[in-house]
Amino acid sequence: MANTAQARKRVLQNEKHRLHNASMRSRLRTFVKKVLKAVHDGNQEEARIALRTAESVIDKSAGKGVVHRNAASRTKSRLSARVKAMGNVAAH
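By the count of my numbering, the sequence shown reaches residue 185 at its end, each step adding exactly one.
Take a look at the structure:
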């Protein structure tokens with residue numbers, strides 16, 4: 094256990110931040126799943142709306158350091174590719 098008051102406070106702060114970051118990561122995954130579900134169901138309009146909100150959540154998470162900015166960019170790219178592919182299938 095921490096010996097100094099400063100170290101004890103740090104332990105409490107770290108736990109608080111860990112729980113908050115876990116909550117933000119869970120929120121991010123939920124929004125990603127909403128996009129994937131809409132793509133899987135074939136609902137293109139719902140997928141586009143879900144993608145727009147998911148991109149916002151992903152950007153905010155990356156900005157706060159919950160996920161790395163490259164991981165956030167990669168996730169957005171893959172989601173948008175899936176939604177775009179839906180449009181190509183529907184057009185043909």
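For glycine and all other residues, C-beta sits at the position ideal for the given N, C-alpha and C. Remember, it's a predicted structure, so these values are computed and weren't measured experimentally.
Delimiting residues of the alpha helix (DSSP H) encompassing ALA197
Residue coverage of the chain in this structure runs from 94 to 185, which leaves residue 197 outside it and unanswerable.
What is the DSSP secondary structure of THR168, counted as helix, strand or coil?
Reduced to three states, the DSSP call for THR168 is helix.
Taking Cβ positions, are ALA155 and VAL125 nearer each other than 7 Å?
Not in contact: ALA155 and VAL125 (Cβ atoms no closer than 7 Å).
Three or more C-beta pairs closer than 8 Å, one from the stretch 126-140 and one from the stretch 159-169: is that the case here?
With the rule of 3 Cβ pairs closer than 8 Å, the stretch 126-140 does not count as touching the stretch 159-169.
Beta carbon of ALA140 nearer than 7 Å to that of VAL132:
Annotated as proximal: ALA140 and VAL132, with beta-carbon spacing under 7 Å.
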